[in-house]
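Going letter by letter, the sequence shown gives residues 1 to 266 in full-length UniProt numbering. Working notes, structure below.
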Amino acid sequence: MNDHQNLLAEQRRALILDEVRRHGGARVGDLTRKLGVSDMTVRRDLDSLARQGVLAKVHGGAVPVVEPSTHEPGFEAKSALEQAAKEEIARVAAALVAPGSAIALSGGTTTYAVARQLLRVPELTVVTNSVRVADVLHGGEAGATVLLTGGVRTPSDALVGPVADQAIRTLHFDLLLLGVHGISEEAGLSTPNLAEAETNRQLLRSARQVVVVADHTKWGTVGLSSFAPLSAVDVLVTDAGLAPRDRERIEGLLPRLIVAGGAGED
Numbered sequence: 001m002n003d004h005q006n007l008l009a010e011q012r013r014a015l016i017l018d019e020v021r022r023h024g025g026a027r028v029g030d031l032t033r034k035l036g037v038s039d040m041t042v043r044r045d046l047d048s049l050a051r052q053g054v055l056a057k058v059h060g061g062a063v064p065v066v067e068p069s070t071h072e073p074g075f076e077a078k079s080a081l082e083q084a085a086k087e088e089i090a091r092v093a094a095a096l097v098a099p100g101s102a103i104a105l106s107g108g109t110t111t112y113a114v115a116r117q118l119l120r121v122p123e124l125t126v127v128t129n130s131v132r133v134a135d136v137l138h139g140g141e142a143g144a145t146v147l148l149t150g151g152v153r154t155p156s157d158a159l160v161g162p163v164a165d166q167a168i169r170t171l172h173f174d175l176l177l178l179g180v181h182g183i184s185e186e187a188g189l190s191t192p193n194l195a196e197a198e199t200n201r202q203l204l205r206s207a208r209q210v211v212v213v214a215d216h217t218k219w220g221t222v223g224l225s226s227f228a229p230l231s232a233v234d235v236l237v238t239d240a241g242l243a244p245r246d247r248e249r250i251e252g253l254l255p256r257l258i259v260a261g262g263a264g265e266d
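Given below as structure tokens:
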């Protein structure tokens, strides 16, 4: 029996999307053989992914969607993507947080996953511009002190703008856990939202150490506005889907790369 046959639908769709993105497209027949499922199952998966706007169906298969640099998916749409990878990243990133420290979490679905992993870390003070992150941590068993910045909500449920910027500007935290729309050698860290770019700059200025949490699909993605060079990043936590050539390149650019779920998680 093929190992992929017992995958949950969301896991199978993540594999399909990764295949399409890696190879610039995929045929239904190839996907059925790779996953060990029927044509009908693959076509249903392609329909679901096409409705999410992350790929485009073509005759006999699918191709990736080339999104404009200003496109910003909503929180729910992003939550459906790379779920297993985000959980692995969150587990490893949370282990970098010391009990009793003051930390910041930006908005985003990966930082939301990190927040769930932090529920048992004692005596944290957490600054966040994400309502969802604040909701997760508020009232948790470890009793974290949570400071929500305020601001204008983006499609991805981050609070940004002058109110958020002013709140962050007066604070100092030991560690920033930062989610990004895109990360690349040329553009650094980027987002499609101009106001979010400025708020992220304020978060970076207030942090002693910066940990970027980003699944492998974010490498090479570029949003409308760059808000920091790669030199601003102390640690990148990503997942084992990162191509070997990209891993080698990143290791030469950043002080530390952690590949969650990879051999040794080094």
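Glycine included, each C-beta is placed from N, C-alpha and C at the ideal position. These numbers were taken from a predicted model, which means no experiment stands behind them.
- In this structure, residue 174 sits away from residue 231, with a CB-CB distance that is not shorter than 9 Å.
- In this structure, the straight-line span from the alpha carbon of residue 132 to that of residue 176 is close to 17 Å.
- About 6 Å separates the CB atoms of residue 180 and residue 212; that is less than 8 Å, so the two are in contact.
- Excluding the 5 residues flanking it on each side, residue 84 has same chain C-beta neighbours closer than 7 Å at 11, 14, in chain order.
- For residue 225, the uninterrupted beta strand (DSSP E) segment begins and ends at 225 to 228.
- Residue 233 and residue 258 have their C-alpha atoms spaced approximately 13 Å apart.
- Under the 8 Å Cβ criterion, the stretch 39 to 49 does not count as touching the stretch 240 to 247, having fewer than three qualifying pairs.
- Straight through space, the alpha carbons of residue 187 and residue 226 are spaced by roughly 6 Å.
- Residue 46: member of the alpha helix (DSSP H) spanning 39 to 52, first to last residue.
- Within the same chain, and ignoring the five residues on either side of residue 140 in sequence, the residues whose Cβ sits closer than 7 Å to its Cβ are 119.
- Per DSSP, the continuous alpha helix (DSSP H) segment holding residue 15 begins and ends at 9 to 23.
- Here the alpha carbon of residue 88 sits roughly 33 Å from the alpha carbon of residue 60.
- Residue 18 and residue 149 have their C-alpha atoms some 35 Å from each other.
- Residue state for residue 184 is assigned as strand, using DSSP reduced to three classes.
- Residue 237 places its beta carbon 9 Å or farther from that of residue 209.
- For residue 165, the secondary structure class from DSSP, reduced to helix, strand or coil, is helix.
- Collapsing the DSSP output to three states places residue 119 in coil.
- A residue is called buried once 16 or more other Cβ atoms fall within 10 Å of its Cβ, and residue 123, having fewer, is exposed.
- Where residue 244 is concerned, the enclosing alpha helix (DSSP H) starts and stops at 244 to 253.
- Exposure of residue 98 is indicated by the presence of fewer than 16 other C-beta atoms within 10 angstroms of its C-beta.
- Here the alpha carbons of residue 239 and residue 216 stand approximately 6 Å from one another.
- Counting only the Cα atoms, residue 121 lies some 9 Å from residue 95.
- With respect to the C-alpha of residue 153, the residue from 184, 194, 116 having the closest C-alpha is 194.
- Excluding five sequence positions before and after residue 114, the CB atoms of its chain that fall closer than 7 Å to its own CB belong to 90, 93, 94, 105, 177, 213, given in chain order.
- Here residue 253 is exposed, its C-beta having fewer than 16 other C-beta atoms within 10 Å.
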